[in-house]
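Notes to accompany the following structure.
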Amino acid sequence: MNSAEKLRLLRQRMQEQGMDAYVVVTDDFHGSEYVGDYFKAREYLSGFTGSAGTLVVLPDSAALWTDGRYFLQAADQLAGSTIDLMRAGQPGVPTIGAFLAQRVPQGGTVGFDGRTVSSLFARTMAAALEGKNVRFAYEQDLAGAVWPDRPALSAQPVWELPAECAGLTREEKLHLLREKMRETGAEVLVLTALDEVAWTLNLRGDDVRCTPVFLSFLLLRQEEATLCVQEQILSGELKEKLVACGVALAPYESIYDRLRAIPAGTAVQTDSATANYCVLQSLSGAKVLDRPSPVQLMKAMKTPAEQENFRAAHIKDGVAVCRFICWLQSHVGKEPITECSAAAKLESFRAQQPDYLGPSFDSIMAFGPHGAIVHYEPTAETDVPLEPRSFCLADTGGHYLQGTTDITRTIPLGPLTEEERRAYTVVLKGHLRLGAARFPEGLCGQNLDILARLPLWEQGMDYNHGTGHGVGYVLSVHEGPQRLHWRLPENQKVTALAEGMVVSNEPGYYAAGQFGIRHENLELVQRDGENEYGRFLHFEPLTMVPFDRTALELSLLSEEELALLNAYHEKVRAAIAPHLDGEELAWLMAATAPILR
Numbered sequence: 001m002n003s004a005e006k007l008r009l010l011r012q013r014m015q016e017q018g019m020d021a022y023v024v025v026t027d028d029f030h031g032s033e034y035v036g037d038y039f040k041a042r043e044y045l046s047g048f049t050g051s052a053g054t055l056v057v058l059p060d061s062a063a064l065w066t067d068g069r070y071f072l073q074a075a076d077q078l079a080g081s082t083i084d085l086m087r088a089g090q091p092g093v094p095t096i097g098a099f100l101a102q103r104v105p106q107g108g109t110v111g112f113d114g115r116t117v118s119s120l121f122a123r124t125m126a127a128a129l130e131g132k133n134v135r136f137a138y139e140q141d142l143a144g145a146v147w148p149d150r151p152a153l154s155a156q157p158v159w160e161l162p163a164e165c166a167g168l169t170r171e172e173k174l175h176l177l178r179e180k181m182r183e184t185g186a187e188v189l190v191l192t193a194l195d196e197v198a199w200t201l202n203l204r205g206d207d208v209r210c211t212p213v214f215l216s217f218l219l220l221r222q223e224e225a226t227l228c229v230q231e232q233i234l235s236g237e238l239k240e241k242l243v244a245c246g247v248a249l250a251p252y253e254s255i256y257d258r259l260r261a262i263p264a265g266t267a268v269q270t271d272s273a274t275a276n277y278c279v280l281q282s283l284s285g286a287k288v289l290d291r292p293s294p295v296q297l298m299k300a301m302k303t304p305a306e307q308e309n310f311r312a313a314h315i316k317d318g319v320a321v322c323r324f325i326c327w328l329q330s331h332v333g334k335e336p337i338t339e340c341s342a343a344a345k346l347e348s349f350r351a352q353q354p355d356y357l358g359p360s361f362d363s364i365m366a367f368g369p370h371g372a373i374v375h376y377e378p379t380a381e382t383d384v385p386l387e388p389r390s391f392c393l394a395d396t397g398g399h400y401l402q403g404t405t406d407i408t409r410t411i412p413l414g415p416l417t418e419e420e421r422r423a424y425t426v427v428l429k430g431h432l433r434l435g436a437a438r439f440p441e442g443l444c445g446q447n448l449d450i451l452a453r454l455p456l457w458e459q460g461m462d463y464n465h466g467t468g469h470g471v472g473y474v475l476s477v478h479e480g481p482q483r484l485h486w487r488l489p490e491n492q493k494v495t496a497l498a499e500g501m502v503v504s505n506e507p508g509y510y511a512a513g514q515f516g517i518r519h520e521n522l523e524l525v526q527r528d529g530e531n532e533y534g535r536f537l538h539f540e541p542l543t544m545v546p547f548d549r550t551a552l553e554l555s556l557l558s559e560e561e562l563a564l565l566n567a568y569h570e571k572v573r574a575a576i577a578p579h580l581d582g583e584e585l586a587w588l589m590a591a592t593a594p595i596l597r
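Numbering follows UniProt numbering, with no gaps: position 71 of the sequence shown is 71.
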């Protein structure tokens with residue numbers, strides 16, 4: 001059944017329910033960036049597989065919004081369908097709210113599954129529709145109703161993160177959260193984001209691909225806490241430990257009844273940016289304190305133990321990636337290697353490292369023109385052989401007990417064109433400049449983003465994605481609230497960078513139909529002295545893998561940039577060399593040797 005037939009069935013349901021539009025988002029019940037198979041209704045209906053996008057279905061048309069990371073991919077996957085691509089943020093492209101205001105009649109009805117739509121997004125739609133007397137029908141999962149073979153809701157076993165990895169026990173975290181509640185006057189704190197629940201309780205799961213979290217909600221009061229969870233995923237030992245620290249267990253689906261049972265006037269804190277619409281509607285009698293969850297900043301600012309563990313994880317990951325690049329460059333053109341087989345080979349190198357848990361996201365292994373698709377993922381249908389020319393863009397990562405990694409290296413496989421070498425070097429200039437930044441405490445990623453883009457802007461180049469994102473500790477590879485991007489999403493608050501945060505540094509350049517380049521390290525925000533102007537911060541590189549010296553156009557690098565690159569390579573050599581031998585060690589020594597003009 002193609003997308004046109006699926007949409008026809010959905011429109012039949014819409015007509016039966018008297019709906020003038022139906023909105024299908026990418027989210028699960030928790031606002032997660034990546035979701036389990038049960039929640040991929042938008043992908044099922046549209047055929048678009050990207051991790052960000054919203055489908056709006058009208059009686060006679062349909063449109064899909066996505067961001068700059070997925071413009072090329074969405075155009076390809078929607079080609080030949082009846083769905084119009086809306087390139088969000090581009091000139092002349094309406095927001096979803098503005099689009100609905102134009103198309104939904106006065107007194108009409110907009111439908112959506114309120115468990116998957118965030119309260120913030122629903123509020124944004126309502127503001128755009130103000131004055132049209134439009135009704136929201138939010139208790140109908142019409143997309144699920146026309147999905148006959150929908151996968152079951154995931155219910156994988158939960159495991160405990162050792163306290164020595166986290167740096168704080170769950171009892172200590174619950175105590176700190178209750179202190180935050182007293183500061184804000186909250187009588188109840190509702191945690192709906194999966195990574196926040198997992199972080200608070202030092203538990204991890206496997207209900208979302210590549211993200212070690214489990215489906216759950218947590219209600220926290222001063223004297224008690226309730227974890228709404230599928231109880232079969234908890235062992236008897238874990239249940240006993242949770243009960244012993246004051247955490248009662250309740251069925252996962254009971255969350256809405258429990259929220260409705262909160263006495264009227266009770267001060268309840270939750271975050272409308274992540275809490276779904278049904279959560280907020282269930283709190284209609286409470287005094288809602290709508291503000292970011294205190295867990296966001298607490299988990300973003302890594303404990304000393306987490307910081308030290310992150311360093312250890314990146315040495316392990318660096319060993320695996322260095323071994324992979326050595327293998328790839330020595331075997332390409334001599335034996336059959338495809339994007340998929342290369343990704344599998346890198347995964348095998350990671351799997352050989354102690355305490356490896358699995359990938360932190362689906363690998364982006366993109367040869368030549370595929371590299372220009374920012375979040376390309378090779379499949380059996382798109383897989384191509386790697387040839388001894390151009391680049392292979394490898395954006396990959398892993399989870400270890402010691403932390404989560406995310407690295408991109410653009411790997412030359414053979415002779416490069418002048419344009420490829422120039423682009424590789426210009427992007428590296430931006431990466432080096434940002435990585436070398438020393439800045440006053442209180443600055444946001446929005447202030448620093450220009451450091452990475454300026455070398456590209458000077459050449460009339462740019463990239464349609466953020467420069468950096470936070471990274472969780474054995475949690476989501478994309479973690480907030482910090483980010484590096486000059487353009488902020490609508491209604492998003494700005495968060496200052498702080499000591500202990502981990503952020504990515506990943507400028508890029510994408511020549512459609514030719515090649516793509518991205519250079520990504522993870523950086524740890526560290527203190528860098530204090531004077532009459534206040535406290536200063538700097539970035540410590542966590543990622544330990546060299547950049548390719550053969551791809552450089554040295555004339556484009558300043559003396560300072562060359563010195564920065566050599567200093568970084570010296571750190572890589574010191575960290576990784578003790579773990580390699582033979583051909584792989586020889587490769588590393590050559591790759592990290594001082595670069596001279």
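A virtual CB, placed ideally from N, CA and C, is assigned to each residue, including glycine.
Please go through the same chain and pick out, in chain order, the residues whose beta-carbon is closer than 6 Å to the beta-carbon of residue i, but skip the five residues on each side of it.
{"i": "R422", "result": "E553"}
{"i": "Q353", "result": "K316 and A320"}
{"i": "Y424", "result": "I517 and A551"}
{"i": "R178", "result": "Q222"}
{"i": "P385", "result": "T338"}
{"i": "P481", "result": "Q296 and T495"}
{"i": "L58", "result": "A21 and R103"}
{"i": "A343", "result": "S363 and M365"}
{"i": "T116", "result": "V25 and D27"}
{"i": "A498", "result": "M301"}
For residue i and residue j, I'd like the C-alpha separation in whole angstroms.
{"i": "D462", "j": "E224", "result": "51 Å"}
{"i": "V190", "j": "L219", "result": "5 Å"}
{"i": "F349", "j": "F324", "result": "7 Å"}
{"i": "K334", "j": "D581", "result": "23 Å"}
{"i": "G36", "j": "H519", "result": "29 Å"}
{"i": "Q230", "j": "F439", "result": "46 Å"}
{"i": "L522", "j": "D548", "result": "18 Å"}
{"i": "R42", "j": "A563", "result": "48 Å"}
{"i": "K571", "j": "M1", "result": "54 Å"}
{"i": "G68", "j": "S235", "result": "43 Å"}
{"i": "T66", "j": "V374", "result": "13 Å"}
{"i": "L484", "j": "L393", "result": "21 Å"}
{"i": "T270", "j": "A567", "result": "45 Å"}
{"i": "I450", "j": "C228", "result": "43 Å"}
{"i": "K132", "j": "I262", "result": "33 Å"}
{"i": "S390", "j": "E418", "result": "11 Å"}
{"i": "D195", "j": "H465", "result": "23 Å"}
{"i": "T95", "j": "V23", "result": "13 Å"}
{"i": "R209", "j": "A380", "result": "19 Å"}
{"i": "S46", "j": "E139", "result": "22 Å"}
{"i": "S154", "j": "W457", "result": "45 Å"}
{"i": "S282", "j": "I255", "result": "9 Å"}
{"i": "G167", "j": "F539", "result": "22 Å"}
Who pairs with residue i in a beta bridge, going by DSSP?
{"i": "Y356", "result": "Y400"}
{"i": "W159", "result": "R204"}
{"i": "T408", "result": "D395 and E520"}
{"i": "N531", "result": "G534"}
{"i": "L218", "result": "L191 and L227"}
If you count every other CB in all the chains shown that lies within 10 Å of the CB of residue i, and 16 or more means buried, which is it?
{"i": "T88", "result": "A small correction: the amino acid at residue 88 is Ala; Thr does not occupy that position in the sequence shown. Looking at its Cβ environment, which holds 16 or more other Cβ atoms inside 10 Å, A88 is buried."}
{"i": "T169", "result": "exposed"}
{"i": "S558", "result": "exposed"}
{"i": "Q232", "result": "exposed"}
{"i": "P212", "result": "buried"}
{"i": "M589", "result": "exposed"}
{"i": "C245", "result": "exposed"}
{"i": "H175", "result": "exposed"}
{"i": "R487", "result": "exposed"}
{"i": "L242", "result": "buried"}
{"i": "P157", "result": "exposed"}
With a CB to CB cut of under 8 Å and the five nearest residues on each side skipped, what residues in its chain are close to residue i?
{"i": "G31", "result": "S118, T192, A193, A273, T274, A275 and N276"}
Among the residues of its own chain, which have a CB less than 7 Å from the CB of residue i, if the five just before and after it don't count?
{"i": "G534", "result": "P440 and E441"}
{"i": "A372", "result": "L72, Y510, A511, A512, G513, Q514, F515 and G516"}
{"i": "P546", "result": "H569, V572, A591 and T592"}
Inset, instruction - Just list the alpha helix (DSSP H) runs in the UniProt domain "Creatinase N-terminal" (8-133), keeping only unbroken ones of 4 residues or longer that don't cross its boundaries, in chain order. - result: 41-46, 71-78, 96-103 and 119-128
Legend entry - Length-filtered (3 minimum) beta strand (DSSP E) runs lying within the stretch 495-524: 502-505, 508-511 and 515-518
Legend entry - Minimum length 4: unbroken alpha helix (DSSP H) runs contained in the stretch 253-284: At a cut-off of 4 residues, the continuous stretches assigned as alpha helix (DSSP H) that sit fully inside the stretch 253-284 are 255-260 and 277-282.
Inset, instruction - Starting from the N-terminal side, write out each stretch of the alpha helix (DSSP H) that is 4 residues or longer and does not extend beyond the UniProt domain "Peptidase M24 C-terminal" (536-595). - result: At a cut-off of 4 residues, the continuous stretches assigned as alpha helix (DSSP H) that sit fully inside the UniProt domain "Peptidase M24 C-terminal" (536-595) are 559-576 and 582-591.
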